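Take a look at the structure below.
Protein chains: 2
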Amino acid sequence: MGQLPTVEDVAELANVSRQTVSNVLNTPAIVKPATRERVEDAISRLGYRQNASARRLRTQKSSTIGIRLDPMVNGISGSVLDRFLHALTEQADGRGMRVLLFTAPTPEAEIEQIRRLRDGSDVDAFVLTATFYGDPRTEWLIANQVPFVTFGRPWGIDDMNDPQHLWVDVDGAAGVREATAHLLDTGATRIHYLGWPSPSGTGDDRRRGWAGAMGDRLGIDGERLAALEHTTVEDVATATTVAAALLEREPDVDALVCVSDSLALGAMIAATSAGRPDLPIVGFDNTPIAQAVGFSSVEQSLAEVASGVLELLMGATGSDLVGRALAPGEAHRLITPQLIVRQPHHLPI
Amino acid sequence: MGQLPTVEDVAELANVSRQTVSNVLNTPAIVKPATRERVEDAISRLGYRQNASARRLRTQKSSTIGIRLDPMVNGISGSVLDRFLHALTEQADGRGMRVLLFTAPTPEAEIEQIRRLRDGSDVDAFVLTATFYGDPRTEWLIANQVPFVTFGRPWGIDDMNDPQHLWVDVDGAAGVREATAHLLDTGATRIHYLGWPSPSGTGDDRRRGWAGAMGDRLGIDGERLAALEHTTVEDVATATTVAAALLEREPDVDALVCVSDSLALGAMIAATSAGRPDLPIVGFDNTPIAQAVGFSSVEQSLAEVASGVLELLMGATGSDLVGRALAPGEAHRLITPQLIVRQPHHLPI
DNA sequence: ACCAAGAATTTGAACGATCAAAGTTTTTTG
DNA sequence: CAAAAAACTTTGATCGTTCAAATTCTTGGT
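Protein chains in written order, with the working numbering: chain A, 1 to 349; chain B, 350 to 698.
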C-alpha cells in the first residue's frame with residue numbers, strides 16, 4: 001500500500017471531477033443520484049477517507065472541541081468529570097466532532113492555552129468546567145468571540161441570563177428535593193442535612209432542595225430547620241466524626257441527606273458503628289462508592305449534560321457551530337438528576 | 350482584528366522570506382542570530398501562531414496522539430485512567446503533541462475508529478489501555494504499521510519481548526514486595542494477602558510480590574504461604590465480609606496486604622469493627638479513598654508512565670515519532686511504584 | 001424546435017505552511 | 001587575493017481539500 005487515495009483518485013475512477021466527489025461528501029443533495037452512486041462506489045472501492053488536515057485548512061474549521069482536564073479532581077467524586085468526558089466524546093463523535101484535551105495549572109495559563117489552540121485553528125469551541133465567580137476565562141472567551149459552553153452555571157447573577165454565556169448545569173436542588181421527598185414518603189420526618197460550609201454555589205443549591213422539601217411538606221423552616229443542619233468539609237474522616245457526634249447527640253434522627261457521596265460514606269460508617277445500619281442515608285453523584293457500600297444517591301445524567309452542551313454549541317440537529325447569540329431563555333439547560341434508591345448492604349461491622 | 354497573521358505577514362515585517370520564518374520556527378539553529386531575532390520580534394509583535402492544519406497538511410503529521418476513553422472504569426480505582434490522561438496530556442504538550450479522545454464499544458469498533466483517525470491524518474500514534482490476551486488491536490496496529498504504545502504489558506508471552514510492541518507497565522510485584530518488606534521491617538510476620546481470584550494478569554503479578562517477600566525474608570512458601578492467602582472479587586462489601594471472616598478465624602493476623610484499595614477499604618472496615626483499628630493494611634493505587642480513610646497504599650507514578658509512553662513513542666528527547674523498531678530490551682518500560690505509608694485515622698466506629 | 005432558466009458539473013485559485021533545490025552572502029584556504 | 005567551501009536565504013512547487021465562478025447539460029414553456 002503506497003499513498004492514501006485522494007479525491008483526485010476517486011474522481012478519476014468515477015469519471016467525474018474533484019469537486020463532484022467533494023459534493024458527494026459534503027452536499028450530496030446537489031449531485032445527480034446516478035453520479036452520486038458511481039462516486040460512492042469508487043470511494044468504497046478505494047477505501048478513500050477525507051484528509052482532515054486539508055479539509056480544516058480550507059474550511060478554517062477544526063471540528064474539534066477543546067476541554068481542559070482538571071489538575072486534580074476532588075475526592076471520590078473524581079469520576080464525574082471522567083464520565084462527562086466519555087459522554088461528551090461519544091456524542092461529539094456522532095456529530096462529527098472530536099474532543100481534544102489540554103491542561104493548565106491556572107486560569108491565566110488556561111486562557112493562554114485556549115488562545116493557542118484557537119489561533120492555531122486546532123479547536124473551534126471550548127467546554128469549560130469548574131467555573132467560579134468572576135471567572136476570567138468566560139470573560140475572555142466572550143470578549144474574543146470564541147464559542148464555548150460551561151458545565152456549571154455562572155455564579156455572577158448578571159451572567160445567569162446573559163445569552164452570550166451558554167451553560168448547562170445539573171439542578172442539584174431538584175435532585176436533593178426528590179431525595180428528601182422520597183424519605184418523607186417513607187415516613188421519615190426528622191431528616192437531617194449534612195452539607196458543606198457556606199458559601200458554596202453547588203453546596204448551597206443542593207441544600208435549598210432539602211430546605212424546600214422540609215418547608216413545603218412539614219412546614220419546618222428558620223430556627224427549627226437550622227437545628228437539623230450540619231456542615232463539614234469534603235473529607236470522609238471528618239464527616240465520620242461529625243456524623244458520629246450528631247447521632248450520639250440526637251438519637252432520634254430519621255434519615256440523613258448528604259451533599260456528596262464522601263460525606264454520605266462517613267455518615268454510613270458512623271451510623272453502622274452506632275448500631276443503626278439501616279438509617280436511610282442519601283448521597284450525591286452516585287459514585288462507585290455509593291454502589292459498593294450501598295446507599296442511595298442522586299445521579300446526574302452526564303449523557304444529558306453532554307448532549308445539552310452540544311445542542312447549545314451546534315443547535316439541536318446542526319453539525320455546525322452556532323455563532324449566533326441565543327435568546328435569553330435558550331442559552332442554558334438545567335438537567336434534572338435522578339435519585340437512585342438502594343438498600344444498605346448491612347456491612348458486618 | 351481581521352485576519353490572523355500568516356508566515357507571509359511575519360516575513361514581510363521582518364524583511365525576510367517565508368522560509369526563513371519557517372526556519373526560525375522549526376530549525377532555529379540554521380538561522381543567523383541577528384535575523385532570527387528580527388523574525389522573533391516580528392512574530393511577537395504580530396502575535397503570530399502557526400496554523401496547525403496547514404502544517405499538518407504539509408508535513409503529513411498530526412502531532413496528535415489518540416487514546417480511547419474506556420466505557421466504564423471499575424470501582425474506586427477509576428481515577429487511575431483519569432490521572433494517567435492528565436499526565437499524558439501535560440507531558441505531550443511539552444513535546445508539542447496533543448491528545449485526542451475517542452470512544453468505542455468493542456475492540457473491533459475501536460480498530461475501525463483507529464483506522465478512521467489514522468487515514469484522516471487526524472492522529473499519528475495511539476496509546477492503548479486495558480490490553481488483553483490475543484488482543485486484536487495490537488495485532489492490527491502492528492500489521493498496519495501504526496505507531497502505538499500500550500499501558501499494560503502484553504499478556505501473550507511471545508509479545509513480551511517483541512520489539513514491535515512497545516509497552517509501559519507498572520511493576521506491581523515490586524510495589525507489593527516493598528509494602529510487604531516494610532511490614533516485615535516493623536516486626537510483622539503473619540502478613541496475610543487479600544487478592545483477586547486467579548488468573549488475573551495484574552492480580553497474579555501483585556501477589557508474586559507478596560509471595561516473594563514472604564519467601565525471601567521468612568522462608569515461607571508452598572502450603573504455609575497458601576494458608577495466608579485469601580481471594581475475593583473487586584467489591585467493597587464482599588471484601589468486608591471476607592476480611593471479617595478472616596479476622597475472626599485467625600485472630601493473630603499481623604497485617605494485611607491487599608491487591609487494591611477497594612479490598613483494603615473492606616478490610617479496613619472489618620478490622621475497625623473487629624476492634625483492631627490499628628491493624629496495618631496496605632492497598633494499591635493510592636486512590637482518594639486510601640487518603641480519606643487512612644491506610645497505606647502503593648502508588649503508581651502515572652507521570653512516569655506517561656513519560657515512558659512518550660519516550661518510547663518519540664525517543665528520549667525527540668519531538669518526532671519513531672518509526673524504527675526498537676531493540677528487544679528498549680521496547681518497554683517497567684515503572685516501579687512506591688509505597689505511601691499512612692497511619693489509620695482511627696475512625697470513631 | 002428554440003431559448004431561457006435551472007440543475008449539474010467542471011475549472012482555476014486558495015487555505016498556510018514546509019520541502020527541495022537554487023541563489024546569495026560570508027568565511028576559509030592555498 | 002582568487003577560488004572553494006560553508007553558511008545563510010530565497011524561490012517555486014506541493015500537501016488535499018473546498019470555494020467561487022465558469023461551463024455544460026437538462027428541462028419546460030411557447
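Beta carbons: idealized from backbone N, C-alpha and C, even for Gly.
Please read these numbers as outputs of a predicted model, since none were measured by experiment.
- For B/GLU660, the number of other beta carbons within 10 angstroms of its own is at least 16, and it is reported as buried.
- Counting only Cβ-Cβ distances below 8 Å, A/GLU110 has no contacts in chain B at all, with the closest Cβ about 12 Å away.
- By the rule that beta-carbons nearer than 8 Å mark a contact, B/GLN399 touches chain A.
- Residue state for A/ARG95 is assigned as coil, using DSSP reduced to three classes.
- Between the stretch 90-107 of chain A and the stretch 19-35 of chain A there are fewer than three C-beta pairs closer than 8 Å, too few to call the two in contact.
- At the C-beta level, B/GLY524 and B/LEU374 stay beyond 8 Å of one another.
- Residues of chain A whose Cβ lies closer than 8 Å to the Cβ of B/SER611 are, in chain order, ALA292.
- Only exposed fits B/GLN409, as fewer than 16 other CB atoms lie within 10 angstroms of its CB.
- Of all residues in the stretch 114-131 of chain A, only ARG116, ASP119, GLY120, SER121, ASP122 come within less than 7 Å of chain B when Cβ atoms are compared, listed by chain position.
- Inclusion of A/ALA239 and A/THR232 in the CB contact set at 8 Å is warranted, their separation being smaller than that value.
- For chain A, the residues of the stretch 432-457 of chain B that bring a beta carbon within less than 8 Å of one of its beta carbons are LEU434, HIS435, THR438, GLU439, ASP442, ARG447, VAL448, LEU449, LEU450, PHE451, THR452, in chain order.
- When DSSP states are grouped into helix, strand and coil, B/SER656 belongs to the helix group.
- Ranked by Cα distance from B/LEU515, the options B/ASN364, B/ASP358, B/ALA665, B/GLY657 are led by B/GLY657.
- Just measuring C-alpha positions, the residue of A/ASP122, A/THR129, A/ARG18 sitting nearest A/ALA306 is A/THR129.
- For A/ALA42, there is no enclosing beta strand (DSSP E); the enclosing alpha helix (DSSP H) covers residues 33-46.
- Secondary structure of B/ALA576 (DSSP, three-state): coil.
- Among the bridge pairs identified by DSSP, B/ARG417 is matched with B/PHE451.
- For A/SER273, there is no enclosing beta strand (DSSP E); the enclosing alpha helix (DSSP H) has its first and last residue at 261-273.
- Contact annotation for B/ASP584 against chain A: ALA292 [CB-CB distance below 7 Å, chain order].
- In the three-state scheme derived from DSSP, where H, G and I count as helix and E and B as strand, A/ASP9 is classed as helix.
- At least one CB of chain B lies nearer than 8 Å to the CB of A/SER79.
- Any Cβ of chain B closer than 8 Å to the Cβ of A/SER44 would place that residue at the interface, and such an atom is absent.
- Bounds of the beta strand (DSSP E) holding A/GLY283 are 281-284.
- When 7 Å is used as the limit between beta carbons, A/ALA54 is near these residues of chain B: LEU406, in chain order.
- When C-beta distances to chain B are compared with 9 Å, the residues of the stretch 292-311 of chain A below that value are ALA292, VAL293, GLY294, in chain order.
- Chain A places a beta carbon closer than 8 Å to that of B/SER411, counting this residue as a contact.
- Per DSSP, reduced to three states, the secondary structure at B/ILE689 is strand.
- When C-alpha distances from B/ASN635 are compared across B/SER470, B/GLY664, B/SER622, B/PRO686, the shortest belongs to B/PRO686.
- Residue A/LEU265 holds the alpha-carbon nearest to the alpha-carbon of A/PRO288 among A/ILE281, A/LEU265, A/GLY212.
- A straight-line Cα-Cα distance of about 16 Å links A/THR64 and A/THR103.
- The criterion of a C-beta distance shorter than 8 Å is satisfied by A/ALA255 and A/LEU279.
- Three or more beta-carbon pairs separated by less than 8 Å link the stretch 181-194 of chain A to the stretch 211-231 of chain A, which places the two stretches in contact.
- The C-beta distance from A/ALA292 to B/VAL585 rounds to 4 Å, short enough to meet the 8 Å contact threshold.
- The beta carbon of A/ILE43 sits closer than 7 Å to those of VAL10, all from its chain and outside the five residues before and after it, given in chain order.
- As summarised for the stretch 526-551 of chain B, the continuous beta strand (DSSP E) elements at least 3 residues long and confined to that stretch are 540-544, given in chain order.
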